[in-house]
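As you go down the protein sequences, you meet chains D and E in turn. Here the first sequence stands for residues 4 to 525, where the numbers follow my numbering. Here the second sequence stands for residues 36 to 413, where the numbers follow my numbering. Backbone N, C-alpha and C define an ideal beta-carbon position, used for all residues, glycine too. Keep in mind that this is a model prediction, so the values were computed, not measured. First the structure, in the form of structure tokens, and then the observations on it.
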Amino acid sequence: MKIRPRKTPPTADARDRSIKNIPDTKLPVALSEKMQLLKPYIEKNYDIITHSFYLEGNPRLEAVAVYINQVIDIEILNLHILKPLMLNCDREDLLTSGSHTLIETIYKTSITASRIAKIANLSSLVQTIFDGITILMFDGLDDVLAIDIHGGKSRNIDVPPAEQTMRGSREGFIERVDVNIALIRRRLRDPNLVVEKTLVGRRTRTEVAILYIDDIADPQIVQKVKDRINQMDIDGIVASGYVEQFIEDDPSSLFPQVYSSERPDKLVPYLLEGRVVIIVDNTPLALAVPALFVQFLQAPEDYYERTLFSSYIRLMRYVAWIVAVSLPASYIALLSYQPELLPYDLLISFSKARVAVPFPVVVEALIMEIIIQLVIEAGLRLPQQIGQTVGVVSGIILGQAAITAKLASPIVILIISVSVICTYALPASSLVLSTRIIRLPMMMLAASFGLFGLSFGAIIFLTHLVSLESMGVPYFSPLAPTRFSDLKDTFIRTFMWKMNKRPVSIPSHNPQRQGNTGEEND
Amino acid sequence: MFRRCVLLILLGIQLVMLAGCWDYRDVNRIDFPLAAAYDLHEVGLRALRDEANQEQLIDLAVILPNLAQNATLKFRIEKTTGVTVGNARGQKPYTSTGTYSPGATGIIIVGEDLAGTGLNNIFQALFRGALSPSIQNFAISEGRGDGILEAPVEDYLSMADYLKGILQKSERRGFIPATTLHNFEVWQGPGKNPIMPLIKQKNKKAEVTGTAIFKKDRMIGKANLTETRSLMLLRGIKATGNVAFTIKRNGIILDRGSVDASNKRKVKVERNGDDINFLIIVMLEGNLIEHQFGKLFTENENLQQMIESQIASDVKKDCYKFISKMQQEYRIDCIDISKYAVARWGKELEDKVDQEFIENVNIEVEVKMKLKNTGELT
């Protein structure tokens with residue numbers, strides 16, 4: 004299902020679009036002229052540092068290093084670039100070689116940093132500076148050197164706060180795309196792992212890495228991912244969420260169609276199943292496509308723990324999702340329309356609890372739902388310690404106050420609290436958000452039409468789930484369409500040694516995952 | 036997109052037709068009766084009705100919980116009178132604020148006078164409507180039903196709670212039949228007749244005193260507790276209850292005790308011309324609860340067999356007594372065996388089975404008792 008019309012692939016890439024206003028002038032030989040050309044682009048930016056120095060020798064060769072403060076690793080600049088050039092550069096030898104090879108001689112003999120490129124025109128020079136690359140310009144040489152020594156201060160690799168596990172790795176992605184790729188590479192030393200990079204955003208020029216295993220991933224899906232990313236025509240992106248919204252199949256759906264995670268150990272198995280991983284610079288959340296609905300109810304622990312426990316916990320998560328979506332709605336429907344379906348004692352208990360509340364059941368439930376959602380939102384925005392306090396205060400005091408003020412009955416507080424707990428028992432944050440929203444229309448349907456409304460809502464959502472696709476792959480698979488072989492890793496997780504085939508729900512051109520038969524070898 | 040919109044609109048219309056916010060009922064504005072009692076109208080007892088012919092009226096008494104937190108009493112008893120059960124319910128708005136929801140009633144007590152007139156016409160209101168999903172247990176009261184509801188209870192929230200404990204799944208606690216609305220309807224098929232537990236207010240307390248015997252929907256007799264046990268065993272209602280035994284030899288009591296036994300039955304039917312012979316095999320199985328003379332089973336190998344034989348013999352004797360009473364006094368099949376004959380000779384017996392059938396058949400009983408556990412390692 005394709006809701007949003009997609010454009011044909013753009014004729015120029017993001018880089019071309021972003022630098023089209025800068026003339027493509029060939030750089031002059033004289034350093035002063037180069038600086039003169041560059042001046043209009045950097046003079047208003049105080050974070051761009053120009054550092055003049057001389058290369059060792061007689062006569063000394065004047066040079067300028069241009070870089071952005073705090074974006075590069077200043078220690079590498081000093082130790083591996085400036086120090087060798089200023090102190091250890093054999094100027095006599097350099098002069099004997101022609102100007103054509105002089106620059107090559109400089110970077111091959113005198114600079115110990117790696118990842119060096121030559122730039123010959125102004126537009127590339129300006130863009131490279133703003134990409135955070137260190138530039139070395141020399142007097143008398145028309146080419147300049149671009150040295151990638153990205154660095155500066157960034158967050159250390161840490162435990163992913165929203166996806167903690169008991170037995171899994173404690174490493175989570177950080178904001179640096181290269182570090183994040185390395186975290187995957189360290190776990191997946193397969194030469195077939197392909198890492199492709201592209202730039203997204205005319206102005207932010209954010210690096211986006213596309214990772215897949217060449218001999219497993221379906222080429223059509225890989226191509227589709229690349230096309231959709233390349234079609235992005237946007238000023239800038241600052242998080243992977245931007246990419247997610249551009250590449251998903253049905254942007255108007257409440258359900259996430261792109262899986263996001265900040266755990267490398269979660270994404271490596273996805274790569275091994277034939278999925279494509281997208282890592283966006285400056286975001287600790289990586290994306291994985293195609294995504295299936297059942298995937299959002301699975302957690303890495305499912306594979307770290309033993310089969311029986313994993314299956315039990317996974318089943319609990321399904322129960323939690325159903326409860327989170329339908330418990331308040333069921334409460335409203337039963338108490339408003341079909342109270343006789345409840346056991347008598349429970350019914351009387353509910354009735355007694357509601358005697359003091361002047362509102363209909365739905366208003367009471369909505370008041371508590373909105374309060375709880377606002378408390379959650381406040382908790383997310385506040386510092387961790389204060390957030391916890393707000394949670395406790397709201398849980399105990401607000402709940403008690405609501406009962407005393409006759410805004411809500413104790414039962415509705417219990418119902419909403421249980422549904423919120425069940426919501427946060429879900430392992431995927433994107434499904435948590437969906438569940439929080441889905442609960443509201445379900446409550447309104449139940450309030451308007453009782454159990455019929457609840458059934459109607461369930462049918463609408465199920466029909467929608469069945470019709471969704473992620474990168475062209477049926478989203479509700481392996482349930483609909485039913486892929487029986489994948490059911491062993493859906494509601495339950497079968498024994499590891501029995502999972503010999505990759506999931507058929509994700510197209511791949513190498514279906515065999517492992518060769519275990521469960522039989523002992525002689 | 037157009038098709039989807041049309042589909043959604045159609046589904047929406049269908050939904051609106053099925054239910055809607057106009058059906059909303061606030062749960063704390065509904066009167067959920069805990070128990071109800073139906074009686075023939077006692078002339079002059081109520082002043083609410085102004086019909087001239089008060090003999091044909093029915094009194095309805097219900098126990099309703101008081102929901103208010105500061106209410107002095109946990110429950111109240113409301114009484115109305117009407118031409119029918121439904122009409123009696125219809126008088127509720129004159130005396131009560133809540134919307135009445137009869138479907139929640141778990142216990143229905145019927146006065147024996149009313150039960151004697153036939154219940155089907157009266158209970159029409161219970162069968163109709165979609166608001167009766169609960170299991171409703173029936174009992175017949177000796178005397179008026181509302182008297183039972185009004186009896187004081189100290190250890191329970193209300194008499195309804197006490198009756199619920201007594202009547203619901205009662206066959207698991209003793210040889211007491213549990214009759215639901217469903218049973219009452221099903222047991223009126225060809226060759227079948229309902230039974231209901233009989234309760235009575237004794238010493239300001241309600242207790243089970245036996246079984247009410249019905250001919251279709253009309254109560255025709257009563258069975259006491261011993262007869263009720265035989266009735267349950269012969270009828271094949273699986274129950275668990277206590278059976279006492281006394282072993283006597285030459286006028287001397289050798290042992291006395293009781294067992295907790297569960298029952299099963301098998302029925303065989305044979306025909307010899309016009310004579311139909313039934314053989315009911317009652318199988319009892321249970322554990323010894325006590326035996327007073329304390330002799331060890333290891334010391335007396337025959338003791339277990341003696342107990343089993345004694346119980347089988349006692350039960351068999353009681354069963355024959357009940358069968359005799361059934362054939363001579365009740366004259367209906369209240370042990371539910373005619374269905375076996377109907378199953379074999381259906382067309383021939385279908386019309387006769389409810390008319391002078393059971394009193395003319397020969398019924399043999401065989402009782403087998405097995406002590407599973409004596410409490411000793413034998």
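May I ask you to report which of helix, strand or coil DSSP gives residue i?
{"i": "residue 317 of chain E", "result": "strand"}
{"i": "residue 200 of chain E", "result": "helix"}
{"i": "residue 149 of chain D", "result": "strand"}
{"i": "residue 113 of chain D", "result": "coil"}
{"i": "residue 172 of chain D", "result": "coil"}
{"i": "residue 357 of chain E", "result": "helix"}
{"i": "residue 214 of chain E", "result": "strand"}
{"i": "residue 165 of chain E", "result": "With a pLDDT of only 49 at residue 165 of chain E, under 50, the local geometry of the prediction cannot be trusted, and the value read off the model is given with reservation. In the structure shown, residue 165 of chain E sits in coil (DSSP, three-state: anything other than H, G, I, E or B)."}
{"i": "residue 15 of chain D", "result": "In this predicted model, residue 15 of chain D has a pLDDT of only 47, less than 50, meaning its place in the structure is not dependable; the value taken from the coordinates is given anyway. Residue 15 of chain D: coil per DSSP, three-state reduction."}
{"i": "residue 327 of chain E", "result": "coil"}
{"i": "residue 237 of chain D", "result": "coil"}
{"i": "residue 470 of chain D", "result": "helix"}
{"i": "residue 44 of chain D", "result": "helix"}
{"i": "residue 134 of chain E", "result": "strand"}
{"i": "residue 479 of chain D", "result": "coil"}
{"i": "residue 83 of chain D", "result": "helix"}
{"i": "residue 37 of chain E", "result": "helix"}
{"i": "residue 507 of chain D", "result": "coil"}
{"i": "residue 393 of chain E", "result": "helix"}
{"i": "residue 129 of chain E", "result": "helix"}
{"i": "residue 69 of chain D", "result": "strand"}
{"i": "residue 497 of chain D", "result": "coil"}
{"i": "residue 281 of chain D", "result": "strand"}
Tell me the DSSP bridge mates of residue i?
{"i": "residue 299 of chain E", "result": "E:318"}
{"i": "residue 290 of chain E", "result": "E:282"}
{"i": "residue 460 of chain D", "result": "According to DSSP, which records beta bridges pairwise, residue 460 of chain D is partnered with nothing at all."}
{"i": "residue 242 of chain E", "result": "E:235"}
{"i": "residue 439 of chain D", "result": "Answer by DSSP bridge pairing: none, since residue 439 of chain D is not bridged."}
{"i": "residue 404 of chain E", "result": "E:319"}
{"i": "residue 306 of chain E", "result": "E:311"}
{"i": "residue 66 of chain E", "result": "E:135"}
{"i": "residue 71 of chain E", "result": "E:97 and E:143"}
{"i": "residue 321 of chain D", "result": "Per DSSP, none; premise fails for residue 321 of chain D."}
{"i": "residue 201 of chain D", "result": "D:211"}
To the nearest whole angstrom, what separates the beta carbons of residue i and residue j, a pair I think is in contact under 8 Å?
{"i": "residue 93 of chain E", "j": "residue 117 of chain E", "result": "6 Å"}
{"i": "residue 284 of chain D", "j": "residue 180 of chain D", "result": "4 Å"}
{"i": "residue 272 of chain E", "j": "residue 376 of chain E", "result": "Incorrect: roughly 19 Å between the Cβ atoms, too far for contact."}
{"i": "residue 144 of chain D", "j": "residue 106 of chain D", "result": "5 Å"}
{"i": "residue 442 of chain D", "j": "residue 331 of chain D", "result": "6 Å"}
{"i": "residue 72 of chain E", "j": "residue 144 of chain E", "result": "4 Å"}
{"i": "residue 174 of chain D", "j": "residue 267 of chain D", "result": "6 Å"}
{"i": "residue 427 of chain E", "j": "residue 228 of chain E", "result": "A query on residue 427 of chain E cannot be resolved here, the shown segment of chain E reaching from 36 to 413 and no further."}
{"i": "residue 241 of chain E", "j": "residue 186 of chain E", "result": "5 Å"}
{"i": "residue 321 of chain E", "j": "residue 407 of chain E", "result": "7 Å"}
So, for residue i: in the same chain, excluding its five sequence neighbours on each side, which residues have a beta-carbon less than 8 Å away from its beta-carbon?
{"i": "residue 193 of chain D", "result": "216"}
{"i": "residue 289 of chain E", "result": "282, 283, 328 and 341"}
{"i": "residue 339 of chain D", "result": "363, 364, 365, 449, 450 and 453"}
{"i": "residue 213 of chain E", "result": "172, 202, 203, 204, 205, 206 and 232"}
Could you give the residue range of the beta strand (DSSP E) that holds residue i?
{"i": "residue 94 of chain E", "result": "93–100"}
{"i": "residue 111 of chain E", "result": "110–117"}
{"i": "residue 176 of chain E", "result": "172–177"}
Identify, in the order they occur along the chain, each residue of the same chain with its Cβ nearer than 7 Å to the Cβ of residue i, setting aside the five sequence neighbours on each side.
{"i": "residue 438 of chain D", "result": "324, 327, 328, 426 and 429"}
{"i": "residue 270 of chain D", "result": "187, 264, 280, 289 and 291"}
{"i": "residue 440 of chain D", "result": "257"}
{"i": "residue 395 of chain E", "result": "none"}
Tell me which residue opens and which closes the alpha helix (DSSP H) that residue i is part of.
{"i": "residue 122 of chain E", "result": "120–125"}
{"i": "residue 395 of chain D", "result": "387–396"}
{"i": "residue 379 of chain E", "result": "373–379"}
{"i": "residue 367 of chain D", "result": "364–384"}
{"i": "residue 308 of chain D", "result": "It is not in any alpha helix (DSSP H) - residue 308 of chain D carries neither H nor E in the DSSP assignment."}
Leaving aside the five residues before and after residue i along the sequence, list all residues of the same chain whose C-beta is less than 6 Å from its C-beta, in chain order.
{"i": "residue 390 of chain D", "result": "382"}
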